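In our numbering, the protein residues as written are 1 to 256. Glycine is no exception: its CB is placed at the ideal position from the N, C-alpha and C atoms. Just so you know, these numbers come straight off a predicted model, no measurement behind them.
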Amino acid sequence: MEKYTVSGCIVTHNNMRTIKDTLDSIFEYTKALDFKLFVVDNMSTDGTPQFIRENYPQVELIEPGTNNGFGSGHNEVLDKIDSKYHAIINPDIVIDNDVIKVMADKLDEDESAGMLSPKILFPDGRLQILGKRMPKLKYLIASRMRKGDEPSPLLAEYAMLDKDPDEEYPVEIATGCFIFIRTDLFKKIGGFDDRYFLYFEDFDLACAVNKISKVLYYPKAVIYHVWGRESKKNFKLKFVQIKSMIKFYLKWMLKK
């Protein structure tokens, strides 16, 4: 099978700084695919939708007229996508190869996997230390207190650094900066739980997938993420993150 019916969605809010590189790299490396990209703009004020409309006619731009958050934005395409696989993409992601086809090939081969989480690197090639186990409070505190590049033992445990980063393995959670999921599974779950405005909705989705399928870390697929870690810089976003954390814990962690 040389072509795949693959859809992708990017949710933007004032992402002019990164969106061009993201779109250019995606379209450069999906030329061999039957690929459709949606961009949902959550009321940007920096000219993002105008820029996309004028320069990327192949994008289906959706402007809900509200900003109900990351998950709600991605859910705007649930009734529009008629694909085999769906990519959830941050507006600060860059790819440098046919990673989307690589992930489609993997899901073609492995029917037990419902969702893939790729290897995620900084633009300079360093591995991003991201959670793969359920986000226990001790892990989140360790993440908040991290100062240098080297992860603490708790962060290493959270990110499963005891595993070979070049080997695939099942994970409990996955970061939402890039997720590749079977479209029928995404629809069956009902997309993201839009009670989260921002943060933890990606963990929530992974938990929902793991209830009926499998989330797999798949390092043969490599993407680059310009990681801003905005919640560490912005008090309002810190508050949003804490609210989302409480919702996640009440929904999933108390069941453990």
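- In this structure, DSSP gives residue 217 an extended state, which the three-state scheme calls strand.
- Across the structure, residue 79 and residue 191 are spaced so that their CA atoms are roughly 10 Å apart.
- Taking each of 111, 127 and 66 in turn and checking the Cα distance to residue 185, the smallest one comes out for 111.
- Residue 183 and residue 7 have their C-alpha atoms spaced approximately 8 Å apart.
- According to the DSSP assignment, residue 197 belongs to no alpha helix (DSSP H), since it is labelled neither H nor E.
- Residue 206 sits in a helix when the DSSP states are folded into three classes.
- Rounded to the nearest whole angstrom, the CA to CA distance from residue 249 to residue 54 is 43 Å.
- Ranking 68, 46 and 97 by CA distance to the CA of residue 32 puts 97 first.
- In terms of Cβ geometry, residue 22 and residue 10 form a close pair [threshold 8 Å].
- In the structure shown, residue 130 falls within a coil segment according to DSSP collapsed to helix, strand and coil.
- Here the segment 66-86 does not lie against the segment 155-167, with fewer than 3 beta-carbon pairs under 8 Å apart.
- The Cβ-Cβ distance between residue 5 and residue 106 does not fall below 8 Å.
- Straight across, the Cα-Cα distance linking residue 142 with residue 24 is about 36 Å.
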